[in-house]
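Heads up: the structure comes next, in C-alpha cells.
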DNA sequence: GAATTTTACCTTAGATAATCCGGAAATGAT
DNA sequence: ATCATTTCCGGATTATCTAAGGTAAAATTC
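Residue numbers (full-length UniProt numbering), protein chains in the order written: chain X, 1 to 154; chain L, 1 to 154.
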C-alpha cells in the first residue's frame, strides 16, 4: 500500500496543519535539509499523496452562516437520474460535498448557504427541480462540533 | 457584514484553489503588485477571513479507503451527554467532522477508516462505548460525487 | 562477498521571492 | 478645497527556493 516512511508522514502532518510553511522551516521541524524536503515533496506530489494546497476560509465571514445536510432519494425508474443528479450537484456552488451512500437513501448532500431563506431557494430551485428527485430530508446544523479535521497520517 | 472588495474575493478564490501559490504569481493573477498583495493577505488573515492553509491529501493513498456517515441519537435523560460526546469526538482521529443537527437525530459524524472491519472496531470501541448513545445509523459512502468544493466567494 | 548501481542526503552558489520602508496616488470626510 | 486615511508602488534588504556537484549508505547484480 504505502511506501512512505516516518519522515514523509511527519511532512504530511505538518503540511496539513500549515500548508504555506516555508521549506526551510519544514526542514527544521522534521530534521532534514531543505533540499531533501523539496525532493520528498515533489515525490509525494507526483505519487498522489498530496493533491494540492488550499486556504481555509471562515464561512461565517463570507456570509455563509448556515450549514445543511440533505438526504436525497431518487426515483430509480427514470433512466440516467443518477448521472444527471451528479452532474447538477457538481455545478451547484452551494454544494460542498455530495456522496452516494448505501442505506436508507441515495445521496447525502452537504451545502452552505447564507440563511434559511437562501436554503429554501436552493432546495426548491436547485435540488428539487432536478428530474427524478423523489424525496428529501433536510438537517440544519446547529453547532459544528468538529470541522475539517486533518487526516490521521501517524 | 463584509467589507472586502472584488480583489479580495479574487485573492480568496485563487488561494482556495492553490494555497501555496507564490505571492508574485498571485499578484499577477489579480493585477496588483506583490507588496499590496502581501498587505491584503495580512489583513484578510488578521480579520479572520483566512483561518489557515492546508495540504489536501489523498485518503486512499493513506489507507483510509472507507468514508462513512453516522447518525447518532443520544439519551437526553442523562446529564452532560452532549458535552461528553462532543469531547470524545474531538479526540477521535477517525472523526473528520461532527455536527449537532436539528431533526430526526442529534449528531451527524463523518469519519474515515481503512475498511469495514476498521469501522466495526471504531463504532463499537469509540462511538457506542460512549455513555448516553442510544442509537446509531451508519451510511457507507459508495461514491464521492463531489469532495471538498471551495466556498463560493464570488 | 565484491563490484556496481541506485538512492537519499548534504553543502554551496546563483536565482527567485518575500518583506520592510518611504513616498506617491487615490479615497473619503469635513 | 483641504486634510486625513488608506491603498498602492518601487527600491533595497533579507530570506527562501532551486539546481549542481559530491558523498555515503543501501540495494542489486554478478
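Yeah, the Cβ is synthetic: ideal placement off N, Cα and C, and Gly gets one too.
Going by DSSP, what residues sit across from residue i in a beta bridge?
i: residue 97 of chain L; result: L:110
i: residue 105 of chain X; result: Residue 105 of chain X is not bridged to any residue.
Kindly indicate the opening and closing residues of the beta strand (DSSP E) around residue i.
i: residue 144 of chain X; result: 133-146
i: residue 73 of chain X; result: 66-74
i: residue 54 of chain L; result: 50-57
Which residue marks the beginning of the alpha helix (DSSP H) containing residue i, and which one marks its end?
i: residue 86 of chain L; result: 81-91
Can you look up residue i in the DSSP assignment and give me helix, strand or coil?
i: residue 38 of chain X; result: helix
i: residue 121 of chain L; result: helix
i: residue 9 of chain L; result: helix
i: residue 17 of chain L; result: helix
i: residue 30 of chain X; result: helix
i: residue 128 of chain X; result: coil
i: residue 151 of chain X; result: coil
i: residue 1 of chain L; result: Note that residue 1 of chain L has pLDDT 45, beneath the 50 cutoff, so the model's placement of it is unreliable and no number is given.
*Return the residues of the segment 38-71 of chain L that lie within a Cβ-Cβ distance of less than 8 Å from chain X, sorted by chain order.*
47, 48, 49, 50, 51, 52, 53, 54, 55, 56, 57, 58, 59, 61, 62, 63, 64, 67 and 69
_Where the segment 116-144 of chain X meets chain L: residues whose CB sits under 9 Å from a CB there_ = 137, 138, 139, 140, 141, 142, 143 and 144
*Hey, is the segment 5-25 of chain L in contact with the segment 39-55 of chain X, meaning 3+ C-beta pairs nearer than 8 Å?*
Taking 8 Å as the limit for Cβ pairs, the verdict is that the segment 39-55 of chain X does touch the segment 5-25 of chain L.
*Three or more beta-carbon pairs under 8 Å between the segment 103-123 of chain X and the segment 68-77 of chain X, yes or no?*
yes
*Are the segment 76-91 of chain L and the segment 125-142 of chain L in contact at 8 Å, needing three or more beta carbon pairs?*
yes
*Is the segment 119-130 of chain L touching the segment 97-108 of chain L, taking contact as three or more C-beta pairs under 8 Å?*
no
*Looking at chain X, which residues of the segment 98-109 of chain L have a Cβ within less than 9 Å of any of its Cβ atoms?*
98, 99, 100, 101, 102, 103, 104, 105, 107, 108 and 109
*Residues in the segment 74-87 of chain L having any Cβ partner in chain X nearer than 7 Å*: Listed in chain order, the positions of the segment 74-87 of chain L with a beta carbon within less than 7 Å of a beta carbon of chain X are 86.
_So if I threshold CB-CB distances at 8 Å, which residues from the segment 4-18 of chain X count as touching chain L?_
12, 15, 16, 17 and 18
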